[in-house]
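Peer 1:
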Amino acid sequence: MKIPGTGRLRPMIRRAKKQLASSKGLILMYHRVADVDVDPWALSVSPQHFDEQLEVLKSHYHPLSLQQLVQAHKQHNIPKRAVAITFDDGYADNLLQAKPILERHNIPATVFVITGTLGNSDEFWWDALERLLLQPGRLPQQLTLTIDNETHHWDLGQAAYYSEADYQHDRTTQADAAPPGSRMFFYYSLWQTLLPLPEAKRRPIFTEIVRWAGETDSSQPKSKPNHRRTLHPQEVALLNQGDLIEIGAHTITHPFLSAQPLAAQQSEIERSKATLEALINQPVTSFSYPFGDRSADTVSLTQAAGFNCACTTAEDIVWRKSNGFELPRVTVQNWNKEDFSRKLEEWFHG
Numbered sequence: 002m003k004i005p006g007t008g009r010l011r012p013m014i015r016r017a018k019k020q021l022a023s024s025k026g027l028i029l030m031y032h033r034v035a036d037v038d039v040d041p042w043a044l045s046v047s048p049q050h051f052d053e054q055l056e057v058l059k060s061h062y063h064p065l066s067l068q069q070l071v072q073a074h075k076q077h078n079i080p081k082r083a084v085a086i087t088f089d090d091g092y093a094d095n096l097l098q099a100k101p102i103l104e105r106h107n108i109p110a111t112v113f114v115i116t117g118t119l120g121n122s123d124e125f126w127w128d129a130l131e132r133l134l135l136q137p138g139r140l141p142q143q144l145t146l147t148i149d150n151e152t153h154h155w156d157l158g159q160a161a162y163y164s165e166a167d168y169q170h171d172r173t174t175q176a177d178a179a180p181p182g183s184r185m186f187f188y189y190s191l192w193q194t195l196l197p198l199p200e201a202k203r204r205p206i207f208t209e210i211v212r213w214a215g216e217t218d219s220s221q222p223k224s225k226p227n228h229r230r231t232l233h234p235q236e237v238a239l240l241n242q243g244d245l246i247e248i249g250a251h252t253i254t255h256p257f258l259s260a261q262p263l264a265a266q267q268s269e270i271e272r273s274k275a276t277l278e279a280l281i282n283q284p285v286t287s288f289s290y291p292f293g294d295r296s297a298d299t300v301s302l303t304q305a306a307g308f309n310c311a312c313t314t315a316e317d318i319v320w321r322k323s324n325g326f327e328l329p330r331v332t333v334q335n336w337n338k339e340d341f342s343r344k345l346e347e348w349f350h351g
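For the sequence shown, my numbering assigns the number 2 to the initial residue and increments by one for each residue that follows.
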């Protein structure tokens, strides 16, 4: 027996399924747009390649702001091939290099800013560690640190001397792929030790490392290159000018939030938001979890702070079942337009 009207329903069902299948977007995660000598975490995209990547997005995809993507996601109506751009941390080159290229292509982006370094021109600690350890020269043979009553000891062996050839080799080496016994491996081991520490514990230990490495106030560079330093407060306001760049929050000290007490998490989330809102004189509604790390409590605190979305570092597309406070992103590396195009197709269709 045939039920009347089912013939017309089937095409409608097929169209609905097709629409649901195509209703997905992609959030890209950048950090720096700069030509750098050493990049142990593959965080930098050269200005030339960034320009090429935006040309690909402009020609073959649907670039939109993070807030537009979030709104479309809520309405279950993400445009086909939708892509949003985000930057984490708040490097000065986001203003000086990335923004002019974004403006030339008329493509929006969200910049998630760490507020704890605003106003002091500091490097982030991981960049300062790279500068201390990954420059040609000699370091002391051994390093011993006491952290939480536990002794950590490193014997550098042959890596105590870092030649120009070693340095040139490491320009294309990522830290987590460094061979044991190399200077890059020592850098990675020390980075892993410092990474989980709250800022209050890390700062005095880092001061010990600086003294051990032989750097003094007089030997430190008087000013950091733009690709190394963080944004100044007035630069955050400049970055926010116009309609293309949204300023988002990324905590005060970039901690592993889930490892912090709830009160500390709340302070990191709410105070970073308030600091940025005072700088740009408008609401800050987007958040990015440092390292993508969060617990269920962290997510709840982010919602309660007044944000309307939050990004992780989980690599996936955004689709109808994605959580608006745990949005996935994909990391962009220093690819030319051909490689970038291939990666986009893999992300969308892989």
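For glycine and all other residues, C-beta sits at the position ideal for the given N, C-alpha and C.
#1: On the DSSP bridge list, what partners appear for H63?
#2: Measuring alpha carbon to alpha carbon, tell me which residue in P262, A129 and H233 is nearest R212.
#3: Using the rule of at least 16 other Cβ atoms within 10 Å of the residue's Cβ for burial, across every protein chain shown, is Q159 buried or exposed?
#4: Alpha carbon to alpha carbon, how far is R33 from V331? Give it in angstroms, no decimals.
#5: Does the count of Cβ pairs from the region 250-268 and the region 199-213 closer than 8 Å reach three?
#6: Taking the alpha-carbon of R230 as reference, which of Y188, L27 and V37 has the nearest alpha-carbon?
#7: Going by DSSP in three states, G249 sits in which element: helix, strand or coil?
#8: Within its chain, find whatever has a CB closer than 7 Å to the CB of Y162; leave out the 5 residues flanking it on each side and keep chain order.
#9: DSSP has E389 in a bridge; who is on the other side?
#10: Taking all protein chains shown into account, decide if R1 is buried (16 or more other Cβ within 10 angstroms of its Cβ) or exposed.
#11: In whole angstroms, what separates the C-alpha of V71 from that of A275?
#12: Which residues in the same chain have their Cβ closer than 7 Å to the Cβ of E216, if we skip the five residues on either side of it in sequence?
#13: Report buried or exposed for E347, applying the criterion of at least 16 other Cβ atoms within 10 angstroms of its Cβ.
#14: Taking the continuous alpha helix (DSSP H) assigned at I102, which residues delimit it?
#15: Buried or exposed for I148, please, with buried defined as at least 16 other CB atoms from any protein chain shown within 10 angstroms of its CB.
#16: So the alpha helix (DSSP H) Y189 belongs to, where does it begin and stop?
#17: By the DSSP assignment, the alpha helix (DSSP H) with V211 in it spans what residues?
#18: Given a cut-off of 8 Å, decide if Y188 and A178 are closer than it, judged by their beta-carbon atoms.
#19: Below 8 Å on the Cβ atoms is my guess for G249 versus F288; work out the distance and round it to an integer in Å.
#20: Is it buried or exposed, S164, if we count other Cβ atoms within 10 angstroms and call 16 or more buried?
#21: Any heavy atom of the ligand MG within a distance shorter than 7 Å of the CB on Q266?
#22: Select from D156, R184, L157 and A260 the residue whose C-alpha is nearest the C-alpha of Q169.
#23: Under the rule that 16 or more other beta-carbon atoms within 10 Å means buried, what is H261, buried or exposed?
#24: Quick check on the DSSP output: what are the complete alpha helix (DSSP H) runs of length 4 or more inside the region 255-310, in order along the chain?
#25: Does the contact criterion of 3 or more C-beta pairs under 8 Å hold for the region 232-244 versus the region 84-94?
#26: Compute the distance between the beta-carbons of L55 and L103, then report whether it is under 8 Å.
#27: Starting from the Cα of Q283, find the closest Cα among G307, Q266 and D298 and give me that residue.
Peer 2: If we stick to the structure as given:
#1: Position 62 of the sequence shown, counted from the first residue, corresponds to residue 63. Answer by DSSP bridge pairing, in chain order: A83.
#2: Counted from its first residue, the sequence shown places residue 212 at position 211. R212 has its Cα closest to that of A129, out of P262, A129 and H233.
#3: Here residue 159 is taken as the residue at index 158 of the sequence shown, counted from 1. Q159 should be labelled exposed.
#4: The residue labelled residue 331 in the question sits at position 330 within the sequence shown. The residue labelled residue 33 in the question sits at position 32 within the sequence shown. Computed Cα separation, rounded: 15 Å.
#5: yes
#6: If you number the sequence shown from 1, residue 230 lands on position 229. Of Y188, L27 and V37, the residue nearest in Cα terms is V37.
#7: Looking up residue 249 in the sequence shown gives position 248. In this structure, G249 counts as strand in the three-state DSSP scheme.
#8: To locate residue 162, count along the sequence shown from 1; it is residue 161. Here the set comprises R139.
#9: Here the chain has residues from 2 to 351 only, and residue 389 is not among them.
#10: Past the boundaries of the shown model lies residue 1; the chain is included only from 2 to 351, so the question cannot be answered.
#11: Walking along the sequence shown from the start, residue 71 turns up at place 70. Walking along the sequence shown from the start, residue 275 turns up at place 274. V71 and A275: Cα-Cα distance of roughly 22 Å.
#12: Here residue 216 corresponds to residue number 215 of the sequence shown, with the count starting at 1. For E216, where only same-chain residues beyond five positions count, the Cβ hits under 7 Å are L133.
#13: Along the sequence shown, one-based indexing puts residue 347 at 346. Label assigned to E347: exposed.
#14: Position 101 of the sequence shown holds residue 102. Element bounds for I102: K100 to H106.
#15: Here residue 148 corresponds to residue number 147 of the sequence shown, with the count starting at 1. Flag for I148 reads exposed.
#16: In the sequence shown, residue 189 corresponds to position 188, counting from 1. R184 to L195 is the span of the alpha helix (DSSP H), which, as asked, contains Y189.
#17: One-based indexing of the sequence shown puts residue 211 at position 210. E200 to A214 is the span of the alpha helix (DSSP H), which, as asked, contains V211.
#18: Numbered from 1 along the sequence shown, position 177 holds the residue referred to as residue 178. Numbered from 1 along the sequence shown, position 187 holds the residue referred to as residue 188. Result no, Cβ atoms of A178 and Y188 do not sit closer than 8 Å.
#19: Numbered from 1 along the sequence shown, position 248 holds the residue referred to as residue 249. Numbered from 1 along the sequence shown, position 287 holds the residue referred to as residue 288. Going by Cβ atoms, the distance from G249 to F288 rounds to 6 Å, so yes, they are a contact pair.
#20: Counted from its first residue, the sequence shown places residue 164 at position 163. S164 comes out exposed.
#21: With respect to the ligand MG, the structure offers nothing, as it holds no ligand at all.
#22: Working through the sequence shown from its first residue, we reach residue 169 at position 168. When only C-alpha atoms are compared, the closest one is R184.
#23: In the sequence shown, residue 261 corresponds to position 260, counting from 1. Checking the displayed sequence, the identity of residue 261 turns out to be Gln instead of His. Q261 should be labelled buried.
#24: 263-281 and 297-305
#25: yes
#26: Within the sequence shown, numbered from 1, the residue matching residue 55 stands at position 54. Within the sequence shown, numbered from 1, the residue matching residue 103 stands at position 102. Their beta carbons are under 8 Å apart, which means L55 touches L103 by this criterion.
#27: For the purposes of this step, residue 283 is identified with residue 282 of the sequence shown, where counting begins at 1. Considering only alpha carbons, the answer is G307.
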